[in-house]
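Step one of this worksheet: look at the structure below.
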Amino acid sequence: MSSSAPKLWAGRFALETDALVHQFNASLSFDQRLWPYDINGSIAHVKMLGECGIIPVTDADTIQTGLEALRDDLETGAAKLHPEAEDVHMAVETLLTERLGPVAGKLHTARSRNDQVATDLRLYVRDAIDGLRERIGAVQDTLIALSETHLDTLLPGMTHLQHAQPVRLAHHLLAYFWMLARDDERLEQARARVNLLPLGAGALAGTTFPINRQRVAQLLGFDGVIENSLDAVSDRDFAIETVSALALTMMHLSRLSEELILWSSHEFGWVTMGDNVTTGSSIMPQKKNPDVAELVRGKTGRVFGDLTALLTLMKGLPLAYNKDMQEDKESLFDALDTAHLSLSVMNTLLQNTQFNAERMAAALHGDFSTATDLADALVRRGLPFRQAHEVVGQLVGDCVRTGRVLEDLTLDDLEATSGLFADADPAALVSPRGSADARAAYGGTGREAVTAQLDCARLRRDHQKE
Ligand code: ARG
Numbered sequence: 123m124s125s126s127a128p129k130l131w132a133g134r135f136a137l138e139t140d141a142l143v144h145q146f147n148a149s150l151s152f153d154q155r156l157w158p159y160d161i162n163g164s165i166a167h168v169k170m171l172g173e174c175g176i177i178p179v180t181d182a183d184t185i186q187t188g189l190e191a192l193r194d195d196l197e198t199g200a201a202k203l204h205p206e207a208e209d210v211h212m213a214v215e216t217l218l219t220e221r222l223g224p225v226a227g228k229l230h231t232a233r234s235r236n237d238q239v240a241t242d243l244r245l246y247v248r249d250a251i252d253g254l255r256e257r258i259g260a261v262q263d264t265l266i267a268l269s270e271t272h273l274d275t276l277l278p279g280m281t282h283l284q285h286a287q288p289v290r291l292a293h294h295l296l297a298y299f300w301m302l303a304r305d306d307e308r309l310e311q312a313r314a315r316v317n318l319l320p321l322g323a324g325a326l327a328g329t330t331f332p333i334n335r336q337r338v339a340q341l342l343g344f345d346g347v348i349e350n351s352l353d354a355v356s357d358r359d360f361a362i363e364t365v366s367a368l369a370l371t372m373m374h375l376s377r378l379s380e381e382l383i384l385w386s387s388h389e390f391g392w393v394t395m396g397d398n399v400t401t402g403s404s405i406m407p408q409k410k411n412p413d414v415a416e417l418v419r420g421k422t423g424r425v426f427g428d429l430t431a432l433l434t435l436m437k438g439l440p441l442a443y444n445k446d447m448q449e450d451k452e453s454l455f456d457a458l459d460t461a462h463l464s465l466s467v468m469n470t471l472l473q474n475t476q477f478n479a480e481r482m483a484a485a486l487h488g489d490f491s492t493a494t495d496l497a498d499a500l501v502r503r504g505l506p507f508r509q510a511h512e513v514v515g516q517l518v519g520d521c522v523r524t525g526r527v528l529e530d531l532t533l534d535d536l537e538a539t540s541g542l543f544a545d546a547d548p549a550a551l552v553s554p555r556g557s558a559d560a561r562a563a564y565g566g567t568g569r570e571a572v573t574a575q576l577d578c579a580r581l582r583r584d585h586q587k588e
């Protein structure tokens, strides 16, 4: 069996490609989304070929006009890539050839699919990064808005998933803001390494034609050119680095998801997700499930898998291009799509989730989460912290054995525990709000500190938008 598609490289072949081999070799089904980038890259390339006198300017103009018309027609759907083409580069060139005739064949002068695909991918990833950063910013803005609303909402901060110390909900939400700020920064830094031009590397060794790579870089908005032609066509570190940054973003989103899932449970009741962002059960009429958060948590695994696939794909490949590298696309696109979608839906979820301040406050009652404050009070009255810790530890143990909580303690109880508690105000000492507000040191959960943190977060957003 032979494939029906005529190949642009068929010259040296005596037999047509076996249909199964064609199918196995083809990438159009998953690389067709690159066509706008492929056309833009070709327009810059052909313009430069004309300017440098490598092909006649009239031919360059004809090809450029043809590519622009093709771009319009592919956009409107008036033109379609032939499904039997081997890959997106062949598909675009075939369409152009159908329209322009043999002059279209001059486009591929001083170019190879190896530097072409690397260029297309970099243009694609650059755009994707810009879109992702916008999505990250949207979630950050929602976190800021929620933090403003919940500046004075307290909840039990946890370590080991055990009540630890009271914290402001704003403080808790802003923790995710800063994780996302670093994710944004990583993408910004990755973008700088993505935004370099491989085109002009040819198949691997460079080209015999007097091309002007700087000009192509300028036309495509690249910050510079890749110095080494072998490196330009060989590496996919820019894709791996981007997916690696996204793996961290997903890891962060998965933690936020997990907390929202936990907090929406009957036992916690700290959040109520809107009916528009939850789903029901086909058998249990009462169910309202946090599917969105669960799916974001689940999709995190996909992105980790994509990263592992890309690293494994590239490991041990000899220079320069190897066909293995065609396999980079599905993992890369999946990671970019998944992260983009997850960020978008997380924003919608957060905007439609109610945070239940009373339930959080109730959870603080009798949870011993102000025990550190009692110890700190003793320290302020002169006791070394280790001894204060011991004294309060015994008091907590006593309470647990006698079925009391810190809020039950009277001044007499405290004074019996340590003379240093003389004339203390037990209610103030064990108050969750007092505890939170006392953490006034920079970066802590005190009201002033969180207010200052919010200001920093707003500044950070302004900076990100620059
Ligand atoms: N579809 C190919 C890929 O994505 C394009 C590059 C093909 N190069 C080659 N020498 N066969 O990797």
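Sequential numbering of the sequence shown, starting at 123, is according to the numbering used here. Note that beta-carbon positions come from the ideal geometry of N, C-alpha and C, so glycine has one too. Quantities reported herein were computed from a predicted structural model and do not represent experimental measurements.
Query raised in the report: How is ARG503 classed by DSSP in three states: helix, strand or coil?
Result: Residue state for ARG503 is assigned as coil, using DSSP reduced to three classes.
Query raised in the report: Expressed to the nearest angstrom, what Euclidean distance is found between the alpha-carbon atoms of SER124 and LYS445?
Result: In this prediction, SER124 has a pLDDT of 47, which is less than 50 and means its spatial position is unreliable; nothing more can be read from the coordinates.
Query raised in the report: Any chance the CB of ASP153 is under 7 Å from a heavy atom of the ligand ARG?
Result: True, at least one ligand heavy atom lies under 7 Å from that Cβ.
**Report entry** Burial state of VAL522 (16 or more Cβ within 10 Å)
**Finding:** Here VAL522 is exposed: its Cβ has fewer than 16 other Cβ atoms, across all protein chains shown, within 10 Å.
Requested in this report: Measure from the alpha carbon of ALA354 to the alpha carbon of each residue in ASP242, ASN147 and ARG526, then state which is nearest.
Outcome: Checking every option, the nearest Cα to that of ALA354 belongs to ASP242.
Query raised in the report: Are the segment 303–322 and the segment 332–345 touching, with three or more C-beta to C-beta distances below 8 Å?
Result: At 8 Å Cβ cutoff, the stretches touch.
**Report entry** Nonlocal neighbours in the same chain, by C-beta distance under 6 Å from ALA303, ignoring five residues either side
**Finding:** Result list for ALA303: ARG582, in chain order.
Query - Strand pairing of MET170, partner residues [DSSP] - result: When DSSP reads this structure, MET170 sits in no beta bridge, so it has no partner.
Requested in this report: Please specify which runs of the alpha helix (DSSP H), each continuous and at least 4 residues long, are wholly inside the segment 339–364, giving them in chain order.
Outcome: Taking only runs of at least 4 residues, the alpha helix (DSSP H) segments lying wholly in the segment 339–364 are 351–356.
Query raised in the report: Is PHE477 helix, strand or coil by DSSP?
Result: In the three-state reduction of the DSSP assignment, PHE477 falls in the strand class, which pools E and B.
Requested in this report: Work out the CA separation of ALA538 and VAL527 for me, nearest whole Å.
Outcome: If I take the Cα positions, the gap works out to 16 Å.
**Report entry** Through-space distance from TRP392 to LEU265, alpha-carbon basis
**Finding:** A direct Cα-Cα distance of roughly 16 Å separates LEU265 from TRP392.
Query raised in the report: Using CA coordinates, which residue listed in GLU452, GLY172 and PHE390 is at the minimum distance from HIS91?
Result: Missing from the structure shown is residue 91; the chain here goes from 123 to 588 and no further.
Query - First and last residue of the uninterrupted alpha helix (DSSP H) at HIS294 - result: According to the DSSP assignment, HIS294 belongs to the alpha helix (DSSP H) that extends over 291–316.
**Report entry** Sequence-distant residues of its chain with Cβ nearer than 7 Å to GLN586 (five each side left out)
**Finding:** Around GLN586: GLY259 and ASP306.
Query raised in the report: When burial is assigned at 16 or more other CB atoms within 10 Å of the CB, is GLN287 buried or exposed?
Result: Buried is the call here.
Query raised in the report: Quick one: is the Cβ of HIS204 within less than 7 Å of any heavy atom of the ligand ARG?
Result: Taking non-hydrogen atoms of the ligand ARG into account, the C-beta of HIS204 is found less than 7 Å away from none of them.
Query raised in the report: the ligand ARG heavy atoms versus the CB of HIS211: any closer than 7 Å?
Result: Yes, the beta carbon of HIS211 sits closer than 7 Å to at least one heavy atom of the ligand ARG.
Requested in this report: Say yes only if the C-beta of SER149 is nearer than 7 Å to one or more non-hydrogen atoms of the ligand ARG, and no if none qualify.
Outcome: Yes - the ligand ARG has a heavy atom lying nearer than 7 Å to the Cβ of SER149.
Query raised in the report: GLY566 by DSSP, collapsed to three states: which one?
Result: Coil at GLY566, not helix or strand.
Report task. Classify GLY279 as helix, strand or coil using the three-state DSSP reduction. Result -> Three-state result, GLY279: strand.
**Report entry** Sequence-distant residues of the same chain with beta carbon closer than 8 Å to ALA201, five excluded per side
**Finding:** Excluding residues within five positions, the ones whose Cβ falls inside 8 Å are LEU192, ASP195 and LEU217.
Query raised in the report: Who pairs with GLN287 in a beta bridge, going by DSSP?
Result: Bridge partners of GLN287: GLY279.
**Report entry** Under the three-state DSSP convention, the category ASN411 falls into
**Finding:** For ASN411, the secondary structure class from DSSP, reduced to helix, strand or coil, is strand.
Query - Simplified DSSP state of MET123, which is helix, strand or coil - result: Because MET123 carries a pLDDT of 41, less than 50, the predicted location of this residue cannot be relied on, and the following value inherits that uncertainty. Secondary structure at MET123: coil, using DSSP grouped into helix, strand and coil.
Query raised in the report: DSSP on PRO548, reduced to helix/strand/coil?
Result: DSSP places PRO548 within a helical segment (H, G or I) once states are collapsed to three.
Query raised in the report: With respect to the beta strand (DSSP E) encompassing THR394, which residues constitute its N-terminal and C-terminal limits?
Result: Run containing THR394: 393–395, per the beta strand (DSSP E) assignment.
Query raised in the report: Are the Cβ atoms of VAL607 and LEU277 separated by less than 8 Å?
Result: Residue 607 cannot be examined here, being either before or after the span of the chain that is shown, 123 to 588.
Requested in this report: Determine the extent of the alpha helix (DSSP H) in which ALA325 is found, giving its start and end residues.
Outcome: It is not in any alpha helix (DSSP H) - ALA325 carries neither H nor E in the DSSP assignment.
Query raised in the report: For ASP274, which three-state DSSP category applies?
Result: In the structure shown, ASP274 adopts coil according to DSSP, grouped into three states.
Report task. Report all residues from its chain with a CB closer than 7 Å to the CB of ASP559; omit the five preceding and five following residues, and keep chain order. Result -> Excluding positions up to five away in sequence, the list reads GLY568 and ARG569.
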